[in-house]
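Every letter in the sequence shown is one number past the one before it in our numbering, and letter 111, counting from 1, is 468.
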Amino acid sequence: MKGTMMDYPLTLHAVLERIPNVYPGVEIVSRLPEGGIHRYTYLDFYRRARSLAEALQRAGLSSGDRVATLCWNHYAHLEAYFGIPAAGGVAHTLNLRLHPRELAFIVNQAEDRFLIVDEVLLPLFEQFRGEVNLDRVFVISHGKKAQPAGYEDYETLLAQAKGEFDYPPVSETDAAAMCYTSGTTGNSKGVLYSHRALILHALAFSLPDVFCVSQHDVAMALAPMFHANSHGLPHVAVMLGCKLVLPGRQLDAISLLTLFEQEAVTIATAVPTVWMSVLDALEGGAEGSVCPWRIAPNFRAFVGGTAAPESLIRRMDARGIRMIQVWGMTETTPVATCSTLKAHMRDWPEDERYRVRARQGRALPFTEIRVVNDQGEAPWDGKTMGELHVRGAWTASSYFRAPETADRWTADGWLRTGDIATIDPEGYMQIADRAKDLIKSGGEWISSVDLEAALMAHPDVREAGVIAVRHPKWDERPLAVVVLRPGTTANVEALRSFLSGKFAKWQLPDDFVFLDELPHTSTGKLSKLELRKRFAEWKWKETAQPSG
């Protein structure tokens, strides 16, 4: 027997059509490429997104066609997020930090028909323009100038709409958006997000036990909109009618903190490296100057992409920013777990509460996790490690046109994440490492993530990476690569002594290298791959010395 409920599809169309009646006057604020501020209302956004949808249909867009975007975070990119799916197309965000060859591969593999590109990113597009076959290219110049030959103006495109737009037939399981993985192993792989997945993810994201987002919040989509849909925050904000702040390409700490204060931001999403730069500015750097920025009460900092060390969470708390750690992947839309405390943990000792918050957290509703090793599914004891598997209502079941990757999914339908993790009796998952980043020394495993988190708790350390390097006797040994804070003087002996109280002697790095900066991926994560390449020929007999 079926229920008597209406068959009401979960689509982005429903989110868009809610705007005129419920929150038409709420602001959307964008920082423009030259630094100015653009403001308009949700009603303006609604009308322009529908105009984009109509204009794309008039341009010949068919259901399921991919429209690529090569843009920073701003109002026009948000219009594409909703206008392209409204027309029946798929919004395909391109990662502007990838190499032009990779971007050409992605555009061709996705078979993008149109491209919407920021004028300031035309030099990047020109580097692979001859390698792709796009029907039309529309340039966002924020109304400032005419376009070069061969390009069309985004505002002119919108002006072609006559106000006669009708939504095409759409199912909630139809594709609405597309992102490609960062391609750290092999070619990037495409993930197609359905309307249903985006809506369910937005609903779960905003739950009280996750980020507790409401219309009262001011949300900043700080993570790039080409990185797993800016962690999903733009969809959450538009669904709820939050004031939305989009920072453009000015992602330095001073610019961000200025926007935080001016717009009274209460929630933002970013990877740990961004939050570390913000924290350095808040703490005044080596000069110890008084913090000139006011942070709004109840500010929540979403952190994902890489495990955030407990020391970072503590320091952010001290500055009035509550950091909430999550875990997810491009393949999970992206948030799958979140580390907020349970009710009975509120009275736990402070140190234990921080240990829980430094884990990657519990699975969100309608998402399941498990840990599997050679003995089968591991117990939830917080100790037994294995590969993390995930499945759920917004987890991908395959990649786009990549049948050779079918083994990423188990026979019983779980996604193999490639992360090594534990799950404790309370259901909190903790990443031990990526499978390829675990260090096997003398038959025992060492977690590079644990060593990195401990090193970053040292007051002189700004960032640290730990990698496995071949060893003639022990198979592999850990090498620590460290960036010190300006004006500090920590050396090898000081850091080894600092770690010795937390790790067994055999787990300590055999050596330390001091650099001015560490390499990062296109999504802001520490690039272990680049570090392994750089130190592949490391000789253990050498002695590391601080660079100054």
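Glycine included, C-beta positions come from ideal geometry on N, C-alpha and C.
- Evaluate residue 751 with the Cβ neighbour count: other Cβ atoms within 10 Å of its Cβ, from every protein chain shown; 16 or more gives buried, anything less gives exposed. Counted from its first residue, the sequence shown places residue 751 at position 394. It is buried - the Cβ of residue 751 has at least 16 other Cβ atoms within 10 Å.
- Query: Is the beta carbon of residue 578 sitting closer than 8 Å to the one on residue 571?
  - Reply: Here residue 578 refers to the residue found at position 221 of the sequence shown. Here residue 571 refers to the residue found at position 214 of the sequence shown. The criterion of a C-beta distance shorter than 8 Å is not satisfied by residue 578 and residue 571.
- Query: Would residue 791 pass as a contact of residue 770 if the rule is Cβ separation under 8 Å?
  - Reply: On the sequence shown, position 434 is the one that residue 791 refers to. On the sequence shown, position 413 is the one that residue 770 refers to. Going by C-beta atoms, residue 791 is not nearer than 8 Å to residue 770.
- Query: Should residue 619 be labelled buried (16 or more other beta-carbon atoms within 10 Å of its own) or exposed?
  - Reply: Residue mapping note: residue 619 aligns to position 262 of the sequence shown, counting from 1. Taking a 10 Å sphere around the C-beta of residue 619, we find fewer than 16 other C-beta atoms and assign the residue as exposed.
- Query: Should the stretch 584-603 be called in touch with the stretch 434-444, which here means at least 3 C-beta pairs below 8 Å?
  - Reply: With the cut-off at 8 Å, the stretch 584-603 and the stretch 434-444 touch.
- Query: Among the residues of its own chain, which have a CB less than 7 Å from the CB of residue 686, if the five just before and after it don't count?
  - Reply: Counted from its first residue, the sequence shown places residue 686 at position 329. Apart from sequence neighbours up to five positions away, the residues of its chain that approach residue 686 with a beta-carbon distance below 7 Å are 774, ordered along the chain.
- Query: When burial is assigned at 16 or more other CB atoms within 10 Å of the CB, is residue 452 buried or exposed?
  - Reply: By 1-based counting over the sequence shown, the position of residue 452 is 95. It counts as buried.
- How would you label residue 362, buried or exposed, when you count the other beta carbons within 10 angstroms and need 16 or more for buried? Locating residue 362 in the sequence shown gives position 5, counting from the first residue. Its Cβ having fewer than 16 others within 10 Å, residue 362 is exposed.
- Item | Under the three-state DSSP convention, the category residue 493 falls into | Within the sequence shown, the letter at position 136 stands for residue 493. DSSP, reduced to helix, strand and coil, places residue 493 within a strand of the structure shown.
- Considering only residues of the stretch 744-817, which uninterrupted alpha helix (DSSP H) runs meet the minimum length of 4 residues and lie entirely inside it, listed in chain order? Restricting attention to alpha helix (DSSP H) runs no shorter than 4 residues, the stretch 744-817 encloses them at 805-812, ordered along the chain.
- Message: Quick check on residue 731: buried or exposed, where buried means 16 or more other Cβ atoms within 10 Å of its Cβ?
- Response: The count along the sequence shown starts at 1 and reaches residue 731 at position 374. Residue 731 should be labelled exposed.
- Item | Per DSSP, cross-strand counterpart(s) of residue 600 | As a first step, residue 600 is located in the sequence shown; it is residue number 243 there, counting from the start. Under DSSP, residue 600 takes part in a beta bridge, and its partners are 575.
- Message: I'd like the list of long-range same chain contacts for residue 494, defined as Cβ closer than 6 Å, with 5 residues on each side in sequence excluded.
- Response: Counting from one through the sequence shown, the residue named residue 494 turns up at place 137. Excluding the 5 residues flanking it on each side, residue 494 has same chain C-beta neighbours closer than 6 Å at 472, 508, in chain order.
- Item | Segment limits, beta strand (DSSP E) that includes residue 868 | On the sequence shown, position 511 is the one that residue 868 refers to. Boundaries of the beta strand (DSSP E) around residue 868: 868-871.
- Query: With C-beta atoms as the reference, is residue 753 less than 8 Å away from residue 772?
  - Reply: For this step, residue 753 is matched to residue 396 along the sequence shown. For this step, residue 772 is matched to residue 415 along the sequence shown. Yes, Cβ-Cβ distance for residue 753 and residue 772 is below 8 Å.
- Task: Rounded to whole angstroms, what's the CA-CA distance from residue 592 to residue 859? Just pull it up for me.
- Result: Within the sequence shown, residue 592 is the residue found at index 235, counting from 1. Within the sequence shown, residue 859 is the residue found at index 502, counting from 1. Looking at the two C-alpha atoms, the distance is approximately 42 Å.
- Item | For residue 413 and residue 444, believed in contact at Cβ under 8 Å, the rounded distance | The residue given as residue 444 occupies position 87 in the sequence shown. The residue given as residue 413 occupies position 56 in the sequence shown. Contact between residue 444 and residue 413 holds, since their C-beta atoms are separated by about 4 Å, short of 8 Å.
- Run the CB neighbour count on residue 517, radius 10 Å, all protein chains shown included, and call it buried at 16 or more, exposed below. For this step, residue 517 is matched to residue 160 along the sequence shown. The residue in question, residue 517, is exposed, as its Cβ has fewer than 16 Cβ neighbours within 10 Å.
- Report buried or exposed for residue 805, applying the criterion of at least 16 other Cβ atoms within 10 angstroms of its Cβ. Your numbering for residue 805 matches position 448 in the sequence shown. Classification of residue 805: buried, given that the 10 Å Cβ count is 16 or more.
- Message: Check for me: the beta strand (DSSP E) holding residue 659 runs from which residue to which?
- Response: Start at 1 with the first residue of the sequence shown, and residue 659 comes out as number 302. Counting along the chain, the beta strand (DSSP E) containing residue 659 begins and ends at 656-660.
- Enumerate in chain order the residues of its own chain whose CB-to-CB distance from residue 607 is below 7 Å, with the five nearest sequence positions on each side excluded. Locating residue 607 in the sequence shown gives position 250, where the first residue counts as 1. Within the same chain, residue 607 has close Cβ partners 388, 392.
- Task: Figure out for me which residue from 844, 584, 837, 761 has the closest Cα to the Cα of residue 853.
- Result: Here residue 853 corresponds to residue number 496 of the sequence shown, with the count starting at 1. Answer by Cα proximity: 837.
- Query: In the DSSP assignment, what are the bridge partners of residue 471?
  - Reply: As a working note, residue 471 is residue 114 in the sequence shown. Note: residue 471 sits in a beta bridge opposite 424, 493.
- Query: For residue 739, which of helix, strand or coil comes out of DSSP?
  - Reply: Walking along the sequence shown from the start, residue 739 turns up at place 382. Coil, per DSSP.
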